[in-house]
Every structure is written in C-alpha cells, then in structure tokens.
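Protein chains in written order, with the numbering used here: chain W, 1 to 388; chain S, 389 to 776.
Quick reminder that beta carbons are idealized off the backbone N, C-alpha and C, glycines included.
Written out as structure tokens, the structure reads:
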C-alpha cells in the first residue's frame with residue numbers, strides 16, 4: 001500500500017483532502033501548464049524568477065520548453081534560475097515527467113512574450129501579455145478577462161471529460177514570473193486581507209515592494225481595496241494577470257468531471273479566491289461545479305514559509321466568499337540532503353514553487369510509491385541533465 | 389471505525405501525526421492543566437482573557453475550578469469571558485469532561501495569584517507569580533526556571549509512566565492569561581523570528597503592543613533578540629512565564645513513556661521551542677526523550693488565524709533548533725451554527741484557544757466518535773450550565 005503520509009507534510013481540510021486522495025487513487029496524472037508573461041515581473045525586487053531582467057522575460061517560455069523538449073532552447077544553457085543560483089522549480093517537474101512517461105503534457109499559452117519552440121502549445125482565446133499591476137490596467141479590459149475565463153472553462157470541461165473517460169486526473173500548473181505580486185493584486189482587489197500572507201521566490205519575501213506596486217495600481221484606478229469584490233473579473237483586468245481567469249475557468253469546468261490539482265502556492269490561492277468570488281456573485285452556478293474536486297497542491301517550502309500563511313489566506317477567502325473550501329496539501333520535499341549546493345538553497349527560502357513543482361512531485365511520489373528521499377535523486381538527475 | 393478526518397482540519401507533519409493518532413487509539417485521555425499568573429496580562433491591550441483587569445487576575449483560578457467543581461466559585465457567576473462577550477474556552481473543555489467521565493483531571497499550580505477552591509491541586513517546586521515580561525525579569529532568576537523545569541520533568545516521568553501502565557495518554561493544557569505575549573517573549577529570547585506569527589485572543593491580534601512589551605523587557609536587560617539561544621532557561625526567567633519550563637519538562641519527561649498532547653496554540657509552540665533549544669544545547673539528552681510522542685493540538689481558530697502562522701512558527705523553530713519536529717493538528721471546531729450569539733463570536737476571531745480546548749475537543753470527539761457538529765450541542769449545554 002502507498003504510504004501517503006510520508007509524501008505529504010501539511011494538510012488543510014483533512015477530510016476533503018483524504019477524499020480527494022482516494023478519488024485519484026490508481027488514476028494517471030494529466031499535466032497542463034498555463035504560461036504567461038506579466039510586466040509586473042520587471043518591477044525591481046518583486047521576483048526572483050530569473051537572474052536578470054532579460055532572462056525573466058524568457059522564464060515562462062523556457063519552462064514550457066523544458067517539459068516538452070528536455071531543454072530550454074530559448075536559453076543558452078540551463079533552466080531559469082534564481083539570482084541566488086538556485087535552479088528553478090522546473091527541475092522538479094521535469095523529474096516527475098521522467099518518472100511518469102505516461103503523463104500527458106499540455107502547455108497552454110495565455111500571453112507569453114516569447115513563443116516557445118513547442119508545436120503542441122494551445123493558445124487560449126483572450127491571451128496577451130499583461131501590463132504591470134502598478135498600471136491599474138493589467139489586462140486590456142474586463143471583456144478580455146471574461147474571454148479568458150470562458151475559453152478556460154470550455155477547455156476545462158473538455159479536458160475534464162477526457163480525463164474522466166481515460167482514467168486520468170488533471171493537474172493545472174502555472175508559470176508566470178511575478179505571479180505572487182499579481183496574486184496579491186487580485187486578492188486585494190477582491191477585498192481579502194492578504195497584505196502579509198502571500199509567498200515569494202525570495203527568503204525575506206518582499207511584501208513591502210509588492211504592496212507598493214499594487215497600491216500604485218489602486219491609485220491609478222482611483223479605487224480602494226475590495227472595490228472589485230462584486231466584479232471579480234474586472235478586478236483581474238485591473239490588478240491581476242491572464243493566468244488567473246484562465247485557470248479559474250479551467251479548474252471549475254474540469255471539476256464537473258474529474259479531480260483537479262491546482263499546482264501552485266499563493267498564486268493558486270488567488271485563483272481559488274476568484275472562483276469562490278464568481279460563485280458568490282452568482283456568475284457561476286455552484287450546483288454546476290464540484291469545488292470538492294479541486295485541491296491546491298504545493299511544496300513544503302510554501303506551506304511552512306514564515307513570511308506567508310496559506311491557511312490564513314484560505315480562511316480569509318472562505319470567510320469572505322464561502323461556503324467554498326480552500327483546501328491544500330504540501331508535498332514533503334526537502335533538499336537539505338542534496339549533494340548540490342544550488343538545490344540546498346531551497347532550504348534557505350529561495351524559489352519554493354512554480355511550474356507545478358509541488359503537484360508534479362506529489363503525483364510522481366504517489367504513482368511510483370517513492371518517499372521524498374527516494375524521489376530526491378531523480379530531481380538531482382534532472383538538475384544534472386538540464387543545468388550541469 | 390472512527391472517522392478522524394472530519395474531526396481534524398489542519399495537520400502539519402502528517403506522517404508523525406498519523407503515527408501519533410494510531411498510538412492513542414483505544415487509550416483514555418488523562419488531562420493535566422498547568423495554571424499560572426503573569427502580570428503581563430495587565431499590560432493594556434495584550435489580552436482578552438477576562439473582561440476587566442480585576443477579573444483577569446481570577447481567570448486561571450476560575451478555569452481550574454470549573455473543571456474540578458463544575459463552576460467557578462471565585463467568580464460571582466459564569467466563566468472567564470472575553471470583553472466581546474464570548475464565553476471563555478473552558479466551556480469546550482468542560483463539555484469534554486462531561487462526555488468522558490473516566491478522564492482524570494490533575495490541576496497543577498505553577499504560580500497562581502489566587503488559590504482555587506480545589507483540594508487536589510498540585511503545586512510544583514519553583515511556582516510563583518511571574519512579573520510582566522516588560523520588566524526583563526519575569527521570574528526571580530534562572531534557578532527558578534530550572535527548578536520548574538526539573539520538577540515538571542519529574543512529574544512528567546511519573547505521570548507518563550502511570551499513563552503507560554493504565555492505558556492512558558497524557559494531555560498537558562495551560563491556563564495563563566497573557567500567555568501569547570510571554571510566548572512571544574520566550575521565542576524572541578531564543579532568536580526565533582516570531583514577531584508576526586503568534587496568535588491572540590482578539591480578532592485584530594495585538595502584535596504591536598505585545599512586541600512593545602517584549603522590547604521593553606529586552607531594553608531593561610540591555611540585551612537583544614536571540615541573546616538566550618544558548619541559555620534557554622535564562623531566557624524563560626527574563627522574558628517568559630512559569631508555565632513554559634514546567635510544561636517543557638513535563639512533556640519531555642512523559643514522552644519517554646506515553647503519547648503527550650500539548651493542548652494549546654502558539655503558547656505551546658513556545659514550549660516546544662524551549663524543549664528543542666534545551667536538546668540542541670545538550671541540556672537534555674535527545675536519546676532520553678521521544679519527541680515524536682509529543683503533538684501540539686489546537687483549534688481551527690488558531691490554525692486558520694490569518695494574524696498568526698503556526699506552520700511558519702514551527703518551521704522557524706525547526707530551522708533554528710532542529711532536528712526536532714514541531715507537529716500540530718487542529719480540531720475542526722466551528723461555532724458558526726451555534727444558537728448562542730456569544731459562541732458565534734468565536735467565528736469573528738475572539739478567544740480561539742485556552743484551557744486545552746482544542747486537545748480536549750479532539751479527545752472527546754475521538755473517544756465518543758462524534759463529529760464536530762455532533763459535539764457542538766454538548767458545548768452549548770456546558771455554556772448553558774456554566775453561564776446562563
């Protein structure tokens with residue numbers, strides 16, 4: 001029997017999570033990666049997703065390529081990395097794909113700046129690069145957010161139905177550097193007290209800089225926190241990014257048919273907040289979807305991050321937009337025993353999550369019944385192949 | 389079969405917690421309550437444990453009486469309550485005792501201001517009222533903290549051995565109003581970045597006031613955060629309270645023989661930090677104790693508190709003083725459907741924890757196989773008996 005306990009460390013809404021884990025038992029993961037660019041990533045100090053400003057423009061493109069091609073052809077070498085030297089989270093997701101060759105990969109473009117050399121990529125209607133959250137006009141308009149939501153929904157229904165008919169569950173992951181700042185933007189737009197709760201790819205977090213960027217956005221709009229609680233997609237258009245409406249739509253649409261893992265930390269919590277707000281406001285009929293089929297899966301580095309608070313964030317979302325469970329589990333990854341100093345940087349608070357690393361790791365550990373220490377060498381091998 | 393999942397909501401270190409839950413399966417809880425006074429509670433604004441300054445002096449005494457006598461003879465009526473009108477957490481613990489008549493009750497005095505009318509109370513060597521944390525000299529001296537630790541240890545070994553021989557596990561709970569501020573004091577003394585992580589009996593928390601009180605203490609000492617990382621019991625004497633060394637000793641001593649639930653939120657996290665620091669510094673031999681026999685049990689209100697972060701706090705403790713697991717689980721209590729407005733105040737962030745409410749609730753739900761909604765009427769009955 002698979003020992004799930006060693007593979008997970010933090011769990012919130014234990015009952016729902018246990019039912020969820022039972023529901024995916026024996027199923028094969030289907031991995032979708034929603035990729036986009038937001039100019040928010042260029043605001044100094046908010047992101048560690050890429051070593052330089054130029055490279056941050058390539059991060060999402062490179063992530064898409066790595067999982068399809070086994071290397072980032074858009075980069076000269078390696079994977080998108082943190083200024084600390086820590087390799088990006090794609091090494092974890094890559095290792096999961098190596099372990100589960102039967103895992104389907106579907107990259108989805110919702111606004112990349114640079115096209116990846118991957119033919120199979122799907123472009124969602126409404127996709128475009130987002131402007132910085134500080135502009136207060138991140139997307140073109142609310143109609144674009146709606147377009148992304150409904151094209152996401154349609155794709156989600158289709159994928160969910162396919163998964164249900166073929167013994168799969170769906171993972172929806174993201175790569176959108178700067179995304180914890182747009183997560184903060186959306187959460188504040190919706191009126192969630194998330195100021196100190198979102199996570200970060202840097203050890204000290206950068207709450208102040210992120211908040212400053214979002215405040216500039218509110219100022220440009222002449223609006224206050226919570227102004228979009230009743231118009232969530234307008235909030236996305238003002239202070240969010242293109243990934244958020246697309247994934248909210250996909251997750252809700254797919255939940256009708258199959259279990260859905262949202263692969264990510266506080267960025268995915270913002271997506272769940274958007275979903276809950278859309279239900280609360282009657283824009284989505286609660287009886288059409290199955291919220292209990294949606295579970296956020298992240299890494300231990302996010303769930304134990306002392307500069308963020310995923311359960312606090314979940315509770316704040318539930319209080320404002322519930323009943324809608326915000327449940328999560330975290331894969332028990334630990335790089336302290338890695339032979340590579342770059343990987344050990346994770347234990348100092350660098351990187352933490354991205355490219356669905358937590359969900360992919362859990363999927364791999366469950367599928368192959370590996371404990372975290374047994375999975376570690378596979379990640380090291382991916383690191384060697386991709387970076388050394 | 390008991391459905392544990394419904395009874396818990398948040399879990400950290402899932403594997404250890406699952407082993408722990410298996411280890412107490414079929415055992416009877418033995419409930420000890422460590423009670424004390426600290427003048428810290430009188431610092432304006434830091435505590436909601438009592439409606440007035442005079443009543444806060446009686447809170448711990450009243451809690452001890454309620455569990456022994458079914459009423460607080462030191463009060464004119466009712467239970468110690470929050471200024472909001474929310475009844476104190478003793479109504480939850482009282483309900484657990486009603487449900488489990490075979491649960492032994494052992495009150496332990498480590499420095500009460502007013503003696504309870506309870507004959508069976510045990511006074512630990514070294515017990516005395518503590519001064520405010522802002523004095524920088526909360527206890528008389530380090531020797532007092534050591535005395536409390538070793539008398540706690542001796543009692544823990546004795547109780548643990550008795551529990552093991554009679555089919556019990558041990559719950560160690562606390563009632564020490566003002567205790568989240570002394571928790572912050574001890575954690576900062578040990579060098580844990582706990583500034584924004586501790587919980588509170590008030591909705592907005594009072595991080596600033598608590599931190600101010602602790603900073604005054606450091607100033608009076610002419611010392612800085614982390615000054616006591618290598619002399620943890622001196623840190624307790626400077627900036628902690630009498631409950632902390634007593635419970636750290638009890639828990640470690642008892643862990644040799646039986647499973648131990650630490651009933652409390654961030655106050656008990658500070659106790660675990662103290663235990664881990666004592667092990668790290670070689671004052672306690674790690675091979676003598678069984679840290680995996682110690683689990684923190686609290687309420688949903690603490691684990692989802694957006695103004696605190698129990699997993700972040702645990703991770704910070706592990707990083708500094710590990711390997712020493714700081715694992716927790718939270719009882720899935722929810723008063724939103726209570727017929728009493730005072731109880732519904734819990735959902736707004738008042739009270740949250742105390743008198744081992746989370747551990748007692750979990751013990752009751754496990755022993756009687758009640759789900760949280762089935763346990764709620766028993767708490768309401770206790771509220772009626774004690775307060776109406």
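Under a three-way DSSP split, which group does residue 112 (chain W) fall into?
The sequence position of residue 112 (chain W) within the first chain is 112, counting from 1. Three-state DSSP puts residue 112 (chain W) in coil, outside helix and strand.
Residues from the region 538-563 of chain S in contact with chain W, defined by Cβ distance under 8 angstroms
Against chain W - using a Cβ distance shorter than 8 angstroms - the region 538-563 of chain S contributes no residues.
Check the Cβ-Cβ distances between residue 13 (chain W) and every residue of chain S, and say whether any is below 8 angstroms.
Here residue 13 (chain W) is taken as the residue at index 13 of the first chain, counted from 1. At least one CB atom of chain S sits nearer than 8 angstroms to the CB of residue 13 (chain W).
Can you tell me which of S:421, S:469, S:504, S:539 puts its alpha carbon nearest to the alpha carbon of residue 485 (chain S)?
On the second chain, residue 485 (chain S) is found 97 positions in, with the first residue counted as 1. Of the listed residues, the one whose Cα sits closest to residue 485 (chain S) is S:421.
Answer with buried or exposed for residue 401 (chain S), where buried requires no fewer than 16 other C-beta atoms within 10 angstroms of its C-beta.
The residue you call residue 401 (chain S) lines up with position 13 of the second chain. By the neighbour-count criterion, in which 16 or more other beta carbons inside 10 Å mark a residue as buried, residue 401 (chain S) falls on the buried side.
Any C-beta of chain S within less than 8 angstroms: which residues of the region 269-280 of chain W qualify?
Listed by position, the residues of the region 269-280 of chain W near chain S (Cβ gap below 8 angstroms) amount to none.
Where do the ends of the alpha helix (DSSP H) carrying residue 263 (chain W) lie?
In the first chain, the residue the question calls residue 263 (chain W) occupies position 263. It is not in any alpha helix (DSSP H) - residue 263 (chain W) instead sits in the beta strand (DSSP E) that spans 260-263.
If you draw a straight line from the alpha carbon of residue 730 (chain S) to that of residue 178 (chain W), how long is it in whole angstroms?
By one-based count along the second chain, residue 730 (chain S) stands at place 342. By one-based count along the first chain, residue 178 (chain W) stands at place 178. Here the alpha carbon of residue 730 (chain S) sits roughly 43 angstroms from the alpha carbon of residue 178 (chain W).
Is the CB of residue 263 (chain W) under 8 angstroms away from at least one CB in chain S?
If you number the first chain from 1, residue 263 (chain W) lands on position 263. For residue 263 (chain W), the answer is no, since every Cβ of chain S falls outside 8 angstroms of its Cβ.
Checking 8 angstroms against the spacing of the C-beta atoms, do residue 778 (chain S) and residue 620 (chain S) come in under that value?
What the structure shows of chain S is the stretch from 389 to 776, and residue 778 (chain S) is not part of that stretch, so it cannot be assessed.
Skipping 5 residues on each side, what residues in its chain have a beta carbon closer than 6 angstroms to that of residue 540 (chain S)?
Translated into the one-based positions of the second chain, residue 540 (chain S) becomes position 152. Here the set comprises 634, 637, 638.
Using beta-carbon positions only, say whether residue 257 (chain W) and residue 183 (chain W) come within less than 8 angstroms of one another.
Residue numbering aside, residue 257 (chain W) sits at position 257 when the first chain is read from its first letter. Residue numbering aside, residue 183 (chain W) sits at position 183 when the first chain is read from its first letter. Cβ atoms of residue 257 (chain W) and residue 183 (chain W): not closer than 8 angstroms.
What is the residue span of the alpha helix (DSSP H) that residue 206 (chain W) lies within?
As a first step, residue 206 (chain W) is located in the first chain; it is residue number 206 there, counting from the start. It is not in any alpha helix (DSSP H) - residue 206 (chain W) carries neither H nor E in the DSSP assignment.
Counting only C-beta atoms, is residue 589 (chain S) closer than 8 angstroms to chain W at any point?
What you label residue 589 (chain S) is simply residue 201 of the second chain in a count that begins at 1. Under the 8 angstroms criterion on CB atoms, residue 589 (chain S) is classed as non-interfacial with respect to chain W.
Considering only residues of the region 390-474 of chain S, which uninterrupted beta strand (DSSP E) runs meet the minimum length of 3 residues and lie entirely inside it, listed in chain order?
The beta strand (DSSP E) runs lying completely inside the region 390-474 of chain S and spanning 3 residues or more are 396-400, 416-423, given in chain order.
Between which residues of its own chain and residue 314 (chain W) is the CB-CB distance below 7 angstroms, once the five residues before and five after are set aside?
On the first chain, residue 314 (chain W) is found 314 positions in, with the first residue counted as 1. Taking C-beta separations shorter than 7 angstroms and ignoring five residues to either side along the sequence, the partners of residue 314 (chain W) in its chain run 12, 269, 326, 328, following chain order.
Can the beta-carbon of residue 419 (chain S) be found less than 8 angstroms from the beta-carbon of residue 503 (chain S)?
For the purposes of this step, residue 419 (chain S) is taken as the residue at position 31 of the second chain. For the purposes of this step, residue 503 (chain S) is taken as the residue at position 115 of the second chain. No, Cβ-Cβ distance for residue 419 (chain S) and residue 503 (chain S) is not below 8 angstroms.
So for residue 150 (chain W), helix, strand or coil by DSSP?
In the first chain, residue 150 (chain W) corresponds to position 150, counting from 1. Correct three-state label for residue 150 (chain W): helix.
Is the beta carbon of residue 528 (chain S) within less than 7 angstroms of some heavy atom of the ligand MG?
This structure simply doesn't include the ligand MG, nor any ligand for that matter.
Relative to the C-alpha of residue 321 (chain W), which residue among W:284, W:242, W:168 is closest?
On the first chain, position 321 is the one that residue 321 (chain W) refers to. Comparing alpha carbon positions, the residue from W:284, W:242, W:168 closest to residue 321 (chain W) is W:284.
Count the CB pairs spanning the region 281-300 of chain W and the region 185-198 of chain W that are closer than 8 angstroms, and state whether there are at least three.
Not touching, per the Cβ criterion.
How big is the Cα-Cα spacing for residue 403 (chain S) and residue 648 (chain S)?
Here residue 403 (chain S) refers to the residue found at position 15 when the second chain is read from its first residue. Here residue 648 (chain S) refers to the residue found at position 260 when the second chain is read from its first residue. Distance between residue 403 (chain S) and residue 648 (chain S), taken at the CA atoms: about 16 angstroms.
Based on the DSSP output, what are the partners of residue 90 (chain W) in its beta bridges?
Within the first chain, residue 90 (chain W) is the residue found at index 90, counting from 1. Residue pairing by DSSP places residue 90 (chain W) opposite no residue, since no beta bridge is assigned to it.
With a CB to CB cut of under 6 angstroms and the five nearest residues on each side skipped, what residues in its chain are close to residue 265 (chain W)?
Here the question's residue 265 (chain W) lines up with position 265 in the first chain. If we look at residue 265 (chain W) and ignore the five residues flanking it on each side, its Cβ neighbours are 199, 298, 302, 353.
Between residue 479 (chain S) and residue 467 (chain S), what straight-line distance do the alpha-carbon atoms span, to the nearest angstrom?
Here residue 479 (chain S) refers to the residue found at position 91 of the second chain. Here residue 467 (chain S) refers to the residue found at position 79 of the second chain. Our two residues, residue 479 (chain S) and residue 467 (chain S), have alpha carbons roughly 8 angstroms apart in a direct line.
Counterpart residues of residue 511 (chain S) in DSSP-defined beta bridges:
If you number the second chain from 1, residue 511 (chain S) lands on position 123. According to DSSP, residue 511 (chain S) bridges with S:497.
Answer with buried or exposed for residue 38 (chain W), where buried requires no fewer than 16 other C-beta atoms within 10 angstroms of its C-beta.
Along the first chain, read from residue 1 onward, the residue named residue 38 (chain W) stands at position 38. Around the beta carbon of residue 38 (chain W), a 10 Å sphere encloses 16 or more other beta carbons of the protein chains shown; the residue is thus reported as buried.
So residue 397 (chain S) contacts chain W; which residues on that side make the cut at Cβ distance below 7 angstroms?
On the second chain, position 9 is the one that residue 397 (chain S) refers to. Within 7 angstroms Cβ-Cβ: 12, 13, 14.
If you count every other CB in all the chains shown that lies within 10 Å of the CB of residue 444 (chain S), and 16 or more means buried, which is it?
Position 56 of the second chain holds residue 444 (chain S). That one is buried.
Environment of residue 304 (chain W) [buried if 16+ CB atoms lie within 10 Å]
By one-based count along the first chain, residue 304 (chain W) stands at place 304. Buried: at least 16 other Cβ atoms inside 10 Å.
Where do the N-terminal and C-terminal ends of the beta strand (DSSP E) with residue 558 (chain S) fall, by residue?
Translated into the one-based positions of the second chain, residue 558 (chain S) becomes position 170. Its beta strand (DSSP E) spans residues 556-563.
Would you list the residues sitting across from residue 685 (chain S) in a DSSP beta bridge?
Along the second chain, read from residue 1 onward, the residue named residue 685 (chain S) stands at position 297. According to DSSP, residue pairing for residue 685 (chain S) in a beta bridge involves S:651, S:717.
Do residue 86 (chain W) and residue 385 (chain W) have their beta-carbon atoms positioned less than 8 angstroms apart in this structure?
Residue 385 (chain W) sits at position 385 when you count from the first residue of the first chain. Residue 86 (chain W) sits at position 86 when you count from the first residue of the first chain. In this structure, residue 86 (chain W) does not lie closer than 8 angstroms to residue 385 (chain W) by Cβ.
Counterpart residues of residue 518 (chain S) in DSSP-defined beta bridges:
Reading the second chain from its first residue, position 130 is the one you call residue 518 (chain S). In DSSP, residue 518 (chain S) forms a bridge with S:426.
Expected contact under 8 angstroms - CB spacing of residue 724 (chain S) and residue 768 (chain S) to nearest Å
Within the second chain, numbered from 1, the residue matching residue 724 (chain S) stands at position 336. Within the second chain, numbered from 1, the residue matching residue 768 (chain S) stands at position 380. The C-beta distance from residue 724 (chain S) to residue 768 (chain S) rounds to 13 angstroms, too long to meet the 8 angstroms contact threshold.
Sort out for me which residues DSSP pairs residue 104 (chain W) with in a bridge.
Indexing the first chain from 1 puts residue 104 (chain W) at position 104. Residue 104 (chain W) is bridged to W:30.
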